[in-house]
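Down below is the structure, laid out as structure tokens.
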Amino acid sequence: MNANEKCRAAEALLHENGLPGARVRAEGHAEEIAAVNVPPESVAKLAALAPAIKALGFRYVALDLSE
Amino acid sequence: MVSGQGTAPVERTGRVLRGGEPEAGELRSTGRLYYISCNRRSWRARPGDTARLVRGPAAGYLGAVRTVCVERQRDESESMRDLIGAWARGSSLEERYERLVELIEGYGSVCVGYSGGVDSVFLAKVCVDVLGADRVLAVTGRSASYPAVQWEMALECARRFGIPHEELETEEQLDPRYAANPTNRCYYCKSELWSKLTALAAERGYAVVADGSNADDAADFRPGARAGAEWGIRSPLAEAGLTKADIRELSRRHGLPTWDQPAAPCLASRIPYGLAVTPARLQQVERAENAIRALGFREFRVRHHGVAARIEVAPSEQPRALAMARELGRELRSVGFERVLLDVEGYRRGALNEGLPVLAALP
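As you go down the protein sequences, you meet chains A and B in turn.
Numbers given in the working numbering equal positions in the first sequence, counted from 1, plus 441.
Numbers given in the working numbering equal positions in the second sequence, counted from 1, plus 33.
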């Protein structure tokens, strides 16, 4: 999967698991980070899903603080 | 029980003919680069290993009457882990500390690689206690990858505990093999440090150069340890089987302010392998971490991913990081990161080693 495909797959996974508004971007010099936009109260749920997101080909899962 | 390098006379050299207790069999030259030593109780030699039977001073610090040194060209780190682990599990903290004192006594004089971290401060303090300040020199290798906050701690501890201390400029960043940031980057950095430190120790007449590697380090991916072995650097904390937890507890008992200090590896460890280590990136990481420290966070890392910063915060501080997300973002953008990310899994040691396809890419 390329970075875009990985992001779409991660978003689908998050949407199916109770995070309907989640958005994912690939960040890092090797696009190895899944940068996720979710509300702060959903971070625990995001952390629980981190292994599944990494299984899509990301090395790290992070909350995007940029916006 | 365990040693990285002995100086005892060799009685016989031979090849191990079968597993179990090493035997001195067919004589042959050794030509070793690395070896590990053990007493008879703990070693399981493999057929083909080269063994040296030694007597004398090595037996003193190894705590055995007779010592068999076994040399290996490969798997030495695995074997060392087995040995240290066996000793650490079967001994008390007091016994491991006594072993450390015995090892240091055997040195006579020592030059300690001194970063100002938990391990090296403890080691330097014990060396001064055991040998006296006139037989110890703590040396800090300084370069762009060495954080200023660590230097302040190194200075403070040296002053407070009477540890003779000097700084030594290192220039690993001028080595393109280091700057390219391969998975064995630490090997080139430590090679630079140990080449200069062993030269200084020889010039000043110190018998041994030692570092603060501990028994836990033997289980981690540490290409820098290979440079230490090549330069004959001793690791008495590891050799005594002292773990990080042991060293923190002993540091507390010795009244060292470093006892609960978070681990503080060099700034280059924040840059993922394959992304070049440059003075500008190191400075950016240092400024970012200083800003986060000023917000009251204690255990964290800022990982440099090019235009993005990925913050790892200890799980206990994660709720506060979430509450201060806006401030964290603002501070890190102010030091030049376009994107600011908070890792949801939090701080963990060696995070940049995660997912490496080949962990043992050594020269």
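Even glycine gets a Cβ: it sits at the ideal position worked out from N, Cα and C.
Being a predicted model, the structure only gives us computed values, none of them experimental.
Consult DSSP for residue i and reduce its assignment to one of helix, strand or coil.
{"i": "A:Val-484", "result": "helix"}
{"i": "B:Gly-146", "result": "strand"}
{"i": "B:Ala-347", "result": "coil"}
{"i": "B:Leu-133", "result": "helix"}
{"i": "A:Ala-496", "result": "coil"}
{"i": "B:Ala-235", "result": "helix"}
{"i": "B:Glu-332", "result": "coil"}
{"i": "B:Pro-180", "result": "coil"}
{"i": "A:Cys-448", "result": "helix"}
{"i": "B:Val-139", "result": "Rather than Val, the amino acid found at residue 139 of chain B in this sequence is Gly. It is helical."}
{"i": "B:Arg-381", "result": "coil"}
{"i": "B:Ser-367", "result": "helix"}
{"i": "B:Pro-215", "result": "coil"}
{"i": "B:Asn-323", "result": "helix"}
{"i": "B:Ser-397", "result": "Nothing about residue 397 of chain B can be read from this structure; chain B reaches only from 34 to 396."}
{"i": "B:Ser-224", "result": "helix"}
{"i": "B:Gly-362", "result": "helix"}
Is the Cβ of residue i closer than 7 Å to any Cβ of chain A?
{"i": "B:Leu-361", "result": "yes"}
{"i": "B:Gly-339", "result": "yes"}
{"i": "B:Ala-244", "result": "Residue identity check: residue 244 of chain B is Asp in the sequence provided, not Ala. No - not a single Cβ of chain A is within 7 Å of the one on B:Asp-244."}
{"i": "B:Arg-134", "result": "The sequence given here has Val at residue 134 of chain B, not Arg. Judged by the 7 Å Cβ criterion, B:Val-134 is not in contact with chain A."}
{"i": "B:Val-377", "result": "yes"}
{"i": "B:Val-318", "result": "no"}
{"i": "B:Arg-218", "result": "no"}
{"i": "B:Val-391", "result": "Reliability fails at B:Val-391, whose pLDDT of 33 lies under 50, so the model's placement of it is uncertain and the value that follows must be treated cautiously. Taking Cβ atoms only, chain A never reaches closer than 7 Å to B:Val-391, which makes this a no."}
{"i": "B:Val-373", "result": "yes"}
{"i": "B:Ala-358", "result": "yes"}
{"i": "B:Arg-170", "result": "Note that residue 170 of chain B is Leu in the sequence shown, not Arg. No, no contact with chain A."}
{"i": "B:Leu-308", "result": "yes"}
{"i": "B:Leu-300", "result": "no"}
{"i": "B:Leu-355", "result": "yes"}
{"i": "B:Arg-343", "result": "yes"}
Give me whichever residues DSSP pairs with residue i in a beta bridge.
{"i": "A:Asn-478", "result": "A:Arg-464"}
{"i": "B:His-337", "result": "B:Ala-342"}
{"i": "B:Val-172", "result": "B:Gly-146 and B:Glu-199"}
{"i": "A:Tyr-501", "result": "A:Ile-474"}
{"i": "B:Leu-375", "result": "A:Leu-504 and B:Ile-344"}
Would you please verify whether the beta carbon of residue i is less than 7 Å from any beta carbon of chain B?
{"i": "A:Ser-507", "result": "yes"}
{"i": "A:Ala-496", "result": "no"}
{"i": "A:Ala-444", "result": "no"}
{"i": "A:Pro-481", "result": "yes"}
{"i": "A:Val-465", "result": "no"}
{"i": "A:His-470", "result": "yes"}
{"i": "A:Leu-454", "result": "no"}
{"i": "A:Ala-491", "result": "yes"}
{"i": "A:Leu-398", "result": "Since the first and last residues shown for chain A are 442 and 508, residue 398 of chain A lies out of range."}
{"i": "A:Ala-451", "result": "no"}
{"i": "A:Ala-488", "result": "yes"}
{"i": "A:Ala-476", "result": "yes"}
Assuming the contact rule is C-beta atoms closer than 8 Å, residue i and residue j should be a hit. Round their C-beta distance to whole Å, please.
{"i": "B:Tyr-239", "j": "B:Cys-144", "result": "4 Å"}
{"i": "A:Ala-463", "j": "A:Val-484", "result": "With 8 Å as the limit, A:Ala-463 and A:Val-484 do not qualify as a contact, their Cβ atoms being about 11 Å apart."}
{"i": "B:Gly-369", "j": "B:Gln-317", "result": "6 Å"}
{"i": "B:Leu-164", "j": "B:Ile-137", "result": "6 Å"}
{"i": "B:Val-377", "j": "A:Ala-488", "result": "4 Å"}
{"i": "A:Leu-454", "j": "A:Leu-504", "result": "Not quite, the Cβ-Cβ distance comes to about 16 Å (not below 8 Å), so this is no contact."}
{"i": "B:Gly-274", "j": "B:Arg-129", "result": "5 Å"}
{"i": "A:Pro-481", "j": "B:Leu-355", "result": "5 Å"}
{"i": "B:Val-335", "j": "B:Glu-322", "result": "5 Å"}
{"i": "B:Leu-270", "j": "B:Leu-156", "result": "6 Å"}
{"i": "A:Leu-506", "j": "B:Ala-358", "result": "5 Å"}
{"i": "B:Gly-146", "j": "B:Leu-226", "result": "7 Å"}
{"i": "B:Asn-214", "j": "B:Tyr-306", "result": "6 Å"}
{"i": "B:Ala-301", "j": "B:Leu-289", "result": "Contact doesn't hold; Cβ gap of about 26 Å is too wide."}
Please go through the segment 240-311 of chain B and give each complete beta strand (DSSP E) segment of 3 or more residues, from N-terminal end onward. The segment 240-311 of chain B contains, as complete beta strand (DSSP E) runs of 3+ residues, the segments 241-243 (chain order).
Which ranges does the beta strand (DSSP E) cover as unbroken runs of at least 3 residues, wholly within the segment 183-213 of chain B, from first to last along the chain? For the segment 183-213 of chain B, whole beta strand (DSSP E) runs of length 3 or above, ordered along the chain, are 198-202.
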